[in-house]
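The numbering of the sequence shown is the numbering used here, which starts it at -19 and goes up by one. Worksheet for the structure shown next.
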Amino acid sequence: MKRNICEALILTILVAVSIPVVANVTAENLDFHTESVVLTLYQDGLVHVTQVVRVNETIPEINLPLLSASVSNVLVIDENKSVLDYEINGSNITIFTLGATKATLEYVTASLTSMEAGVWTLSLESPYNATVRLPEDAEVIFINEVPLSINTEGNRITLYLFPSLWEISYVLPIGPLVDFKVTNLQITPNEVKPGEEVTISVLVTNTGRETGSYDVVLKINGSIEDAKTVTLSGGESTEVKFRISGEKAGIYNVEVAD
-19 MKRNICEALI LTILVAVSIP VVANVTAENL DFHTESVVLT LYQDGLVHVT
31 QVVRVNETIP EINLPLLSAS VSNVLVIDEN KSVLDYEING SNITIFTLGA
81 TKATLEYVTA SLTSMEAGVW TLSLESPYNA TVRLPEDAEV IFINEVPLSI
131 NTEGNRITLY LFPSLWEISY VLPIGPLVDF KVTNLQITPN EVKPGEEVTI
181 SVLVTNTGRE TGSYDVVLKI NGSIEDAKTV TLSGGESTEV KFRISGEKAG
231 IYNVEVAD
């Protein structure tokens, strides 16, 4: 009989303690919840963070921890792509949602990555489930915990992480300092009358690692017609256009190269 009374008391205490905890979690979820956090890493160590938050439209503001206290290019928009005001205090941000049902936060930081002896390391203390997209062609050589999953999207490795302290080391392929490629030759229109103008365009990409210059040369029937010089950072692309006109009818062979 005494044992039954004790068990009843223990059960009563557990129920009494559990009810307020459930109520608090439910109230927090009704205010806002993070839908996704995506970190896109680039070869120079910069990290672009995109965080999507669903918000109860009745609350005027939300407070979120940032992944770094050193951020730049901060932008917050609502579900209608209208810009929302915010305030940053250390490693926290207050977003004034004012009736919005969705807030998309974006920022850039260089403080989450470091490089030593050719090895890059992402050091991240995340309170969120997060998706990490490593730089193109990166190879993971160390990770301190087993992620939820690892996938390959194109030439990027994507890791899905749970809230924790993460350390992910990776190496990048060693490419040429400067290397230019010319692609996507387009001629508009491809048939004209004598004296009418033709636009010739190409896409020039520096596939190297350093900034360099390149002479884009336009040749018509083997003869140089025009030339332009472009300067691009590693990985950068630009469209180069030439405008020409011919006085004589005929078929013209067009080349764009160095």
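Glycine is no exception: its CB is placed at the ideal position from the N, C-alpha and C atoms. Predicted model, so just to flag it, every value in this text is computed and none were measured.
Have a look at Leu145 and Leu104 and give me their C-alpha separation to the nearest angstrom. In the sequence shown, residue 145 corresponds to position 165, counting from 1. In the sequence shown, residue 104 corresponds to position 124, counting from 1. Rounded to whole angstroms, Leu145 to Leu104 spans 6 Å at the Cα level.
Arg113 Cβ short of 7 Å to the ligand NAD heavy atom set: In the structure on display, the ligand NAD does not appear, and there are no ligands present to speak of.
For Ile180, report the span of its beta strand (DSSP E) as first-last. Walking along the sequence shown from the start, residue 180 turns up at place 200. Ile180 -> beta strand (DSSP E) spans Glu177 to Asn186.
Separation of Gly134 from Ile204, as counted between CA atoms: Sequence index remark: in the sequence shown, residue 204 carries index 224 (1-based). Sequence index remark: in the sequence shown, residue 134 carries index 154 (1-based). The alpha-carbon atoms of Ile204 and Gly134 are separated by roughly 39 Å.
Meets three-Cβ-pair contact criterion under 8 Å: the stretch 29 to 49 and the stretch 80 to 87: yes
What's the call for Phe12, buried or exposed, on a 16-neighbour Cβ count within 10 Å? The residue labelled residue 12 in the question sits at position 32 within the sequence shown. Phe12 should be labelled buried.
N-terminal and C-terminal residue of the beta strand (DSSP E) that Phe12 is part of: Along the sequence shown, read from residue 1 onward, the residue named residue 12 stands at position 32. Where Phe12 is concerned, the enclosing beta strand (DSSP E) stretches over Phe12 to Leu21.
Between Glu15 and Pro107, what straight-line distance do the alpha-carbon atoms span, to the nearest angstrom? Your numbering for residue 15 matches position 35 in the sequence shown. Your numbering for residue 107 matches position 127 in the sequence shown. Distance between the alpha carbons of Glu15 and Pro107: 13 Å.
Work out the CA separation of Ile180 and Lys199 for me, nearest whole Å. In the sequence shown, counting from the first residue as 1, residue 199 sits at position 219. In the sequence shown, counting from the first residue as 1, residue 180 sits at position 200. Spanning the two alpha carbons is a distance of roughly 11 Å.
Check whether the stretch 121 to 138 touches the stretch 152 to 172, counting contact only when three or more Cβ pairs, one atom from each stretch, lie closer than 8 Å. no
Under 8 Å by Cβ, that's how I've got Tyr194 and Pro115 pegged, so tell me the actual separation to the nearest angstrom. Here the question's residue 194 lines up with position 214 in the sequence shown. Here the question's residue 115 lines up with position 135 in the sequence shown. In fact, because the Cβ distance is near 23 Å, the residues do not count as touching under 8 Å.
Name the one or two DSSP bridge partners that Ile200 has. For the purposes of this step, residue 200 is taken as residue 220 along the sequence shown, with counting starting at 1. Answer is Ser203 and Val234, bridged to Ile200.
State buried or exposed for Phe222, treating a residue as buried only when at least 16 other CB atoms are found within 10 Å of its CB. Residue mapping note: residue 222 aligns to position 242 of the sequence shown, counting from 1. Result: buried.
Nonlocal neighbours in the same chain, by C-beta distance under 6 Å from Val54, ignoring five residues either side: One-based indexing of the sequence shown puts residue 54 at position 74. Cβ within range, chain order: Tyr87.
Measuring CA to CA, which of Leu157, Arg113 and Asn36 is closest to Ile148? Working through the sequence shown from its first residue, we reach residue 148 at position 168. Per the Cα distances, Arg113.
For a quick check, are the C-beta atoms of Thr74 and Glu96 less than 8 Å apart? Stepping through the sequence shown from its first residue, residue 74 is reached at position 94. Stepping through the sequence shown from its first residue, residue 96 is reached at position 116. Result no, Cβ atoms of Thr74 and Glu96 do not sit closer than 8 Å.
Please state whether the Cβ-Cβ distance between Val178 and Pro169 is less than 8 Å. Position 198 of the sequence shown holds residue 178. Position 189 of the sequence shown holds residue 169. Yes, the Cβ-Cβ distance between Val178 and Pro169 is below 8 Å.
Inter-residue spacing [alpha-carbon to alpha-carbon] between Ala49 and Thr111: In the sequence shown, residue 49 corresponds to position 69, counting from 1. In the sequence shown, residue 111 corresponds to position 131, counting from 1. Using only the alpha carbons, I get a separation of about 20 Å.
Can you tell me whether Ile68 is buried or exposed? The criterion is at least 16 other CB atoms within 10 Å of its CB, across all chains shown. One-based indexing of the sequence shown puts residue 68 at position 88. Ile68 is exposed by the Cβ-count criterion.
Does the separation of the CB atoms of Leu44 and Val33 fall below 8 Å? Numbered from its first residue, the sequence shown carries residue 44 at position 64. Numbered from its first residue, the sequence shown carries residue 33 at position 53. Yes, the pair counts as a contact, with Cβ atoms nearer than the cut-off.
Within the continuous beta strand (DSSP E) that includes Val29, where are the two ends? Translated into positions along the sequence shown, residue 29 becomes position 49. That run of the beta strand (DSSP E) goes Val27 to Val35.
Beta bridge counterpart(s) of Phe122 as assigned by DSSP: Position 142 of the sequence shown, counted from the start, is the residue given in the question as residue 122. DSSP lists Ser149 as partners of Phe122.
What residue does the beta strand (DSSP E) around Asn269 start on, and which one ends it? The chain is shown from -19 up to 238; residue 269 falls before or after that span and cannot be answered.
CA-CA distance, Gly25 and Trp100? Within the sequence shown, the letter at position 45 stands for residue 25. Within the sequence shown, the letter at position 120 stands for residue 100. Answer to the nearest angstrom: the Cα atoms are 8 Å apart.
For Ile39, which three-state DSSP category applies? If you number the sequence shown from 1, residue 39 lands on position 59. In this structure, Ile39 counts as coil in the three-state DSSP scheme.
Would you kindly work out how many angstroms separate the C-alpha atoms of Ile224 and Glu190, rounded to a whole number? As a first step, residue 224 must be located in the sequence shown, where it is residue number 244. As a first step, residue 190 must be located in the sequence shown, where it is residue number 210. Cα to Cα, Ile224 sits roughly 32 Å from Glu190.
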